[in-house]
Amino acid sequence: MKLQLALLVLGATAVLGQIVPRSSWCPVPVSPRLPRLRGPARYIIIHHTVTAPCYNPHQCQAALRQIRDGHLRRKFRDIGYNFLIGGDGRIYEGLGFGIRGEHAPNYNSQSIGIAFIGNFQVGLPPGQMLQAARTLIQIAVRRRQVVPNYTLLGHCQTKATACPGRHLLDELRKWPRWQKKP
Ligand SMILES: [Zn+2]
Numbered sequence: 007m008k009l010q011l012a013l014l015v016l017g018a019t020a021v022l023g024q025i026v027p028r029s030s031w032c033p034v035p036v037s038p039r040l041p042r043l044r045g046p047a048r049y050i051i052i053h054h055t056v057t058a059p060c061y062n063p064h065q066c067q068a069a070l071r072q073i074r075d076g077h078l079r080r081k082f083r084d085i086g087y088n089f090l091i092g093g094d095g096r097i098y099e100g101l102g103f104g105i106r107g108e109h110a111p112n113y114n115s116q117s118i119g120i121a122f123i124g125n126f127q128v129g130l131p132p133g134q135m136l137q138a139a140r141t142l143i144q145i146a147v148r149r150r151q152v153v154p155n156y157t158l159l160g161h162c163q164t165k166a167t168a169c170p171g172r173h174l175l176d177e178l179r180k181w182p183r184w185q186k187k188p
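Read left to right, the sequence shown gives residues 7 to 188 (our numbering).
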């Protein structure tokens, strides 16, 4: 019994350190016609989705589909973000690495966009969401999808918007490679 529990915990930890593939939530693969990023990105830009929070994989996968539908209605090519962080502490693949997102005008061709599912104008994301985002940034550096001396920014530092919410922005200020000025 103890062993089973230990294996379960080990399994959950392993899942939390991995990227959940897009195929888990979206039946439509990324179109091969979407524009690519040229080389490693110079910026990581953090967003919040301003949608309801999700607390388990089922809810988060439904949230991802809703966010994508919303973006398609706004005439985006696909979901605008490269990755999304669920309230379940999982890292969800949106467009994934190597694809130019639609999340931060003037920065899309040089950045990876990571969105926290929820609204963080009113409070801070739970610790497991913050941890997931930091893990994703480490993965991006390790896979050379961002330059090692990347610049971390909140969306509101690139244009007039409340995104990613003031509580999340306050948290980002403490992270390595956050920069005051883009
Ligand atoms: Zn944003």
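Note that beta-carbon positions come from the ideal geometry of N, C-alpha and C, so glycine has one too.
Report whether the distance from the Cβ of residue 32 to the nearest heavy atom of ligand 1 is below 6 Å.
-> no
* **Cα-Cα separation, residue 170 to residue 185** => 15 Å
*Whether residue 99 touches residue 145 by CB criterion (7 Å)*: no
Hey, is residue 173 close to ligand 1, as in C-beta under 6 Å from one of its heavy atoms? no
- prompt: Is the closest heavy atom of ligand 1 to the C-beta of residue 169 under 6 Å?
  reply: yes
Margin query: Tell me the rounded alpha-carbon separation between residue 162 and residue 34.
Written below: 30 Å
Inter-stretch contact at 8 Å, needing at least 3 Cβ pairs: the segment 63-78 / the segment 129-138 = no
For residue 64, verify whether its CB is less than 6 Å away from any heavy atom of ligand 1. no
Mind checking whether residue 48 and residue 151 have CB atoms under 7 Å apart? no
Self-check item: Contact set for residue 108: own chain, Cβ-Cβ below 7 Å, skip 5 residues either direction
Solution: 82, 83, 86 and 114
Separation of residue 130 from residue 178, as counted between CA atoms: 11 Å
| query | By how many angstroms is the C-alpha of residue 27 removed from the C-alpha of residue 91? | reply | 12 Å
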